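K.L.:
Dumping the structure here so I can ask a few things about it.
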Amino acid sequence: MRTKKLTCPSCKQPFRPGGPWPTDDPELKTAKQASERFEQGRNFANKIWNAARFIMMNLEGYTPQALKVDELPIEDRWILSRLASTTKAVTESLESYRFSDVARTLYDFVWSEFCDWYIEMAKGRLLQARSASKGASEGRAIVQRVLVGVLDGILRLIHPVMPFVAEAIWQTLNDVAFERGLPNPDPAMESVMIAAWPAYPASWQDAAIETRIARMQELVRAVREVRNRYTVDPKTNLDVFVRAGDAVAEDFRTLSPFITQLAGVAKLETAASIAKPPQAAGHVTPDFEVYVSLAGLIDVDAESKRLEKQIAEKRKHLQGALAKLENPNFRDKAPAEVVAQQRAQAEDLKKQIEAMEGNLRELRS
126 MRTKKLTCPS CKQPFRPGGP WPTDDPELKT AKQASERFEQ GRNFANKIWN
176 AARFIMMNLE GYTPQALKVD ELPIEDRWIL SRLASTTKAV TESLESYRFS
226 DVARTLYDFV WSEFCDWYIE MAKGRLLQAR SASKGASEGR AIVQRVLVGV
276 LDGILRLIHP VMPFVAEAIW QTLNDVAFER GLPNPDPAME SVMIAAWPAY
326 PASWQDAAIE TRIARMQELV RAVREVRNRY TVDPKTNLDV FVRAGDAVAE
376 DFRTLSPFIT QLAGVAKLET AASIAKPPQA AGHVTPDFEV YVSLAGLIDV
426 DAESKRLEKQ IAEKRKHLQG ALAKLENPNF RDKAPAEVVA QQRAQAEDLK
476 KQIEAMEGNL RELRS
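Here it is in structure tokens:
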């Protein structure tokens with residue numbers, strides 16, 4: 126895409142302003158965006174759009190019907206609890222004119238909780254064929270209603286800050302799920318602009334369920350972090366062992382279908398008496414300890430040498446940073462923010478070295 130040539134008032138070089146250009150200009154350098162918020166907003170709009178498209182592509186056979194929240198599976202009750210909590214928080218922020226809090230709250234709920242967790246947990250039920258057993262078909266129908274209802278609520282909530290995106294998705298959703306809503310479906314308004322502001326029963330907010338899912342998420346993140354840390358093939362399922370009290374262990378067994386799906390787990394064992402297996406990477410939390418077996422998945426000697434090399438490089442960088450900080454000329458003459466940045470860099474390097482040394486000890490144990 127060609128753009129009008131601008132000239133920098135300082136260096137007199139031609140450039141084009143920053144923007145979401147689809148292609149590079151072969152003749153002009155592009156200035157950087159003034160703020161990362163532009164890119165974050167664009168990515169958020171794409172996330173919502175893609176989530177809505179996925180939902181609408183999986184609404185074959187959708188039938189509107191009232192939901193009995195107390196009878197829903199745990200993942201459905203969790204997302205409805207989070208929707209009710211988010212709606213309350215957004216409403217309070219709007220009434221207090223805290224618009225940045227509105228945007229941040231919606232971003233966290235839509236991106237992290239609805240898209241990255243609930244939709245992923247719901248995929249198994251969506252994939253169940255309509256010709257499957259009666260229970261499977263009912264499960265698919267219920268998750269369709271929850272997905273549509275939550276999306277409907279999200280569009281109402283984001284309309285004040287993303288009106289065009291909300292309206293475009295609302296119109297498309299009207300074509301495939303005209304009757305929708307939580308807990309009782311109603312005909313949708315012609316436009317989201319005139320739709321009622323969402324309000325959900327306070328009884329939907331369930332702290333116990335939110336705690337259970339948050340604990341499961343922490344376990345999944347721990348397994349994913351081990352996979353990334355040791356560059357294990359994403360297609361390789363891992364054996365995971367969790368030491369936890371009886372109540373937490375039983376809860377993990379109940380949630381095991383989600384854990385195995387989201388973390389790529391082949392075998393999950395959890396009990397209070399679990400022992401750490403050999404060649405396993407660990408992660409400790411106040412509620413449980415998780416060990417991921419790496420036996421046969423990595424070359425211990427090669428991985429140890431790689432870590433030793435990285436540790437040596439980090440130590441070299443740390444020595445340089447500390448030498449600067451010990452130099453009185455640097456401390457006294459450099460701007461305060463530069464000195465602070467150097468201290469922060471040194472602390473970060475120390476943490477990286479400590480983590481790598483811990484990984485090395487795990488490999489050798």
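Under the working numbering, think of the first position of the sequence shown as 126, with each following residue one higher. Heads up, the beta-carbon is just placed ideally off N, CA and C, and yes, glycines get one too. Note that the structure is a prediction, hence the values are computed from the model and not measured.
1) Quick check on the DSSP output: the alpha helix (DSSP H) that includes GLY407 runs from which residue to which?
2) Cutting at 7 Å between CB atoms, please list the residues of its own chain near LEU208, excluding the five before and the five after it.
3) Sorted by chain position, which residues of the same chain lie with C-beta nearer than 8 Å to PRO382's C-beta, five sequence neighbours on each side aside?
4) For TYR206, which residues in the same chain have their Cβ closer than 7 Å to its Cβ, ignoring the five residues on either side in sequence?
5) Determine the direct distance from the alpha carbon of GLN138 to that of THR148, and round the result to whole angstroms.
6) Which of the three DSSP states is assigned to VAL417 in this structure?
7) From GLU220 to MET287, what distance separates their C-alpha atoms?
8) Would you call the CB atoms of VAL227 and SER237 closer than 8 Å?
9) Since ALA446 contacts ALA405 with CB under 8 Å, what's their CB separation in whole angstroms?
10) For LYS475, which three-state DSSP category applies?
11) Where do the N-terminal and C-terminal ends of the beta strand (DSSP E) with ALA396 fall, by residue?
12) When you compare each of ALA266, GLN296 and VAL367 to GLY186 by their alpha carbons, which one comes out closest?
13) What are the residues that DSSP puts in a beta bridge with ARG368?
14) Work out the CA separation of ASN168 and GLU482 for me, nearest whole Å.
15) By the three-class DSSP mapping on this structure, what secondary structure does PHE234 have?
16) Please state whether DSSP places GLU220 in a helix, a strand or coil.
17) With DSSP as the reference, identify every bridge partner of ASP376, one or two as the case may be.
18) Could you name the residues of the same chain whose beta carbon sits closer than 7 Å to that of ALA291, not counting the 5 residues immediately before and after it, in chain order?
19) Out of curiosity, what's the CA-to-CA distance linking ARG162 and SER225?
20) Straight-line CA distance for LEU488 to TRP203?
21) If you check the beta carbons only, do ALA391 and PRO403 fall under 8 Å apart?
P.N.:
Straight from the coordinates:
1) No alpha helix (DSSP H) holds GLY407; the beta strand (DSSP E) holding it covers 405–409.
2) If the five residues before and after LEU208 are omitted, its C-beta is found closer than 7 Å to the C-beta atoms of VAL275, GLY278 and TYR325, all from its own chain and listed in chain order.
3) Taken in chain order, the residues that qualify are GLY249.
4) Residue identity check: residue 206 is Ser in the sequence provided, not Tyr. The residues are TRP329, GLN330, ASP331, ILE334 and GLU335.
5) Going by the C-alpha atoms only, they are around 21 Å apart.
6) Residue state, collapsed to three classes: strand.
7) Whole-angstrom Cα-Cα distance: 18 Å.
8) Going by C-beta atoms, VAL227 is not nearer than 8 Å to SER237.
9) In this structure, ALA446 and ALA405 do not form a Cβ contact; the two beta carbons are roughly 33 Å apart against a cut-off of 8 Å.
10) The answer is helix: DSSP assigns LYS475 an H, G or I state.
11) ALA396 -> beta strand (DSSP E) spans 390–396.
12) Of ALA266, GLN296 and VAL367, the smallest CA-CA separation from GLY186 is found for ALA266.
13) Looking at the DSSP output, ARG368 bridges to ALA396 and GLU414.
14) For the pair GLU482 and ASN168, the Cα-to-Cα distance works out to about 36 Å.
15) In the structure shown, the three-state DSSP call for PHE234 is helix.
16) DSSP, read as helix, strand or coil, puts GLU220 in helix.
17) DSSP output for ASP376 lists no bridge partner at all.
18) Within the same chain, and ignoring the five residues on either side of ALA291 in sequence, the residues whose Cβ sits closer than 7 Å to its Cβ are LEU280, ILE283, HIS284 and VAL317.
19) In this structure, the CA atom of ARG162 is about 12 Å from the CA atom of SER225.
20) Each residue's Cα considered, the two are about 37 Å apart.
21) With contacts defined by Cβ atoms closer than 8 Å, ALA391 and PRO403 do not form a contacting pair.
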